[in-house]
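A.B. asks:
Numbering (the numbering used here), first residue to last: -17 to 273.
In structure tokens, the structure reads:
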């Protein structure tokens, strides 16, 4: 595929959004049919759309952009409910690899798989609501007649570069605000995800703008996002292990069998946080090199 060569920043952002819209269309059906990894892929496309709309908001009318982001926030949240259950089951399956304790598997994996089926059926039901048609109509109208601002008419390269540098500063400020709370880490994770998707939207096809320094910036954002995501998954699993341990004890099963798993997941959570400062430093270095 040949890369597009936008003249204005608005043209570049529009091409990026059109490519993400294609991803949404391609992943929606498989997600509703519950094909392998399809819910994850469609949720990722939804997150990309929201992140890119937010990052490139200076190029579009703010009210129109926010209205579209809200539509996708609702659908993304519904996908998130299903995906979170799927992740819990996958992580539990991983830590129980080779474990022959059927009670633990029943509580940690089988119960999640059953909950997933119910949640996915609910997702399909929600998709049939009028909100789906409204969301898709809003997206189609936005792309067909983009509500550009005056800034959108500026030269593509310099304007988009400035937007990406600003997104990197946003991650840095979020990192400086870490106070040890889950909310603070979540804020950093979202900022890093937005940086990654904003960069990838213009460095990947069909745009192919900038070069390896921009790709390094996207990679550094992905690293922070992944570290905090793995930390979150480990903390969630630790809590579920403690709940399962309590239920097992009341049922007369071996509750102490959960202790090693709880310690392991807690160590994983701590390990990911221990790597965060270095990953945030990498973002600052990558942003300086790119700017």
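In this text, a Cβ means the ideal position worked out from N, Cα and C, and glycines have one as well.
For residue 6 and chain D, any beta-carbon pair shorter than 7 Å?
C.D. replies: In the displayed structure, chain D is absent; only one protein chain is listed.
A.B. asks: Just to check my reading of the structure: residue 203 and residue 153 have Cβ atoms closer than 8 Å, yes? What is that Cβ distance to the nearest angstrom?
C.D. replies: The residue you call residue 203 lines up with position 221 of the chain shown. The residue you call residue 153 lines up with position 171 of the chain shown. Contact flag correct, Cβ pair sits at about 7 Å.
A.B. asks: Would you mind giving the Cβ-Cβ distance between residue -9 and residue 142, rounded to the nearest angstrom? I have them listed as a contact below 8 Å.
C.D. replies: Within the chain shown, numbered from 1, the residue matching residue -9 stands at position 9. Within the chain shown, numbered from 1, the residue matching residue 142 stands at position 160. Right, the Cβ-Cβ distance comes to about 5 Å (below 8 Å), so this counts as a contact.
A.B. asks: By Cβ distance below 8 Å, which residues in the same chain neighbour residue 229 in space, the five residues on each side in sequence not counted?
C.D. replies: As a working mapping, residue 229 is identified with position 247 in the chain shown. The answer, listed in chain order, is 89.
A.B. asks: When DSSP labels each residue in this structure, what does residue 54 get in the three-state scheme?
C.D. replies: Here the question's residue 54 lines up with position 72 in the chain shown. Here residue 54 sits in helix by DSSP.
A.B. asks: Residue 6 and residue 28 look like a contact to me (Cβ under 8 Å); what is the Cβ gap, rounded to whole Å?
C.D. replies: What you label residue 6 is simply residue 24 of the chain shown in a count that begins at 1. What you label residue 28 is simply residue 46 of the chain shown in a count that begins at 1. Yes, residue 6 and residue 28 are in contact; Cβ-Cβ is about 7 Å, under 8 Å.
A.B. asks: Just the C-alpha distance for residue 127 and residue 46, rounded to the nearest angstrom, thanks.
C.D. replies: Residue mapping note: residue 127 aligns to position 145 of the chain shown, counting from 1. Residue mapping note: residue 46 aligns to position 64 of the chain shown, counting from 1. Distance between the alpha carbons of residue 127 and residue 46 is about 11 Å.
A.B. asks: Taking residue 16 and residue 109 to be in contact with their CB atoms under 8 Å, please state how far apart those CB atoms are, rounded to whole angstroms.
C.D. replies: Working through the chain shown from its first residue, we reach residue 16 at position 34. Working through the chain shown from its first residue, we reach residue 109 at position 127. Actually they do not touch by this definition, with Cβ atoms about 12 Å apart.
A.B. asks: Can you give me the C-alpha to C-alpha distance between residue 94 and residue 18, rounded to a whole angstrom?
C.D. replies: Here residue 94 corresponds to residue number 112 of the chain shown, with the count starting at 1. Here residue 18 corresponds to residue number 36 of the chain shown, with the count starting at 1. Their Cα atoms are separated by approximately 16 Å.
A.B. asks: Would you call the region 237 to 253 in contact with the region 116 to 135, where contact means no fewer than 3 C-beta pairs closer than 8 Å?
C.D. replies: They do not touch, by the three-pair rule.
A.B. asks: To the nearest angstrom, how far is it from the Cα of residue 265 to the Cα of residue 157?
C.D. replies: As a working note, residue 265 is residue 283 in the chain shown. As a working note, residue 157 is residue 175 in the chain shown. One C-alpha to the other measures close to 11 Å.
A.B. asks: Does the beta-carbon of residue -17 have 16 or more other beta-carbons within 10 angstroms, so that it is buried, or is it exposed?
C.D. replies: As a first step, residue -17 is located in the chain shown; it is residue number 1 there, counting from the start. With a pLDDT of only 46 at residue -17, under the threshold of 50, the placement of this residue in the model should not be trusted; the figure read from the coordinates follows. Its Cβ having fewer than 16 others within 10 Å, residue -17 is exposed.
A.B. asks: Nearest CA to the CA of residue 53: which residue from 97, 113 and 44?
C.D. replies: Taking the first residue of the chain shown as 1, we reach residue 53 at position 71. For residue 53, the nearest C-alpha among the options comes from 113.
A.B. asks: According to DSSP, simplified to helix, strand and coil, what is residue 192?
C.D. replies: Locating residue 192 in the chain shown gives position 210, where the first residue counts as 1. Residue state, collapsed to three classes: coil.
A.B. asks: Could you tell me if residue 263 is buried or exposed, where buried requires 16 or more neighbouring beta carbons within 10 angstroms of its beta carbon?
C.D. replies: Within the chain shown, the letter at position 281 stands for residue 263. Counting Cβ neighbours within 10 Å, residue 263 comes out exposed, since fewer than 16 surround it.
A.B. asks: Can you tell me whether residue 60 is buried or exposed, with buried defined as 16 or more other CB within 10 angstroms of its CB?
C.D. replies: Residue mapping note: residue 60 aligns to position 78 of the chain shown, counting from 1. When all chains shown are included, residue 60 counts as buried.
A.B. asks: At the level of alpha carbons, what is the spacing between residue 25 and residue 83?
C.D. replies: Locating residue 25 in the chain shown gives position 43, where the first residue counts as 1. Locating residue 83 in the chain shown gives position 101, where the first residue counts as 1. Looking at the two C-alpha atoms, the distance is approximately 33 Å.
A.B. asks: From 144, 184 and 206, pick the residue whose C-alpha is nearest to that of residue 173; which is it?
C.D. replies: In the chain shown, counting from the first residue as 1, residue 173 sits at position 191. Nearest of 144, 184 and 206 to residue 173, Cα basis: 206.
A.B. asks: With distance defined between alpha-carbon atoms, name the residue in 106, 189, 190 and 258 nearest to residue 14.
C.D. replies: As a position in the chain shown, residue 14 is number 32, starting the count at 1. Nearest C-alpha to residue 14: 106.
A.B. asks: How should residue -11 be labelled, buried or exposed, when 16 other C-beta atoms within 10 angstroms of its C-beta is the threshold for buried?
C.D. replies: Here residue -11 corresponds to residue number 7 of the chain shown, with the count starting at 1. The residue is exposed, with fewer than 16 neighbouring Cβ atoms inside 10 Å.
A.B. asks: Count the CB pairs spanning the region 246 to 254 and the region 205 to 220 that are closer than 8 Å, and state whether there are at least three.
C.D. replies: Contact between the region 246 to 254 and the region 205 to 220 is present, because at least three Cβ pairs lie under 8 Å.
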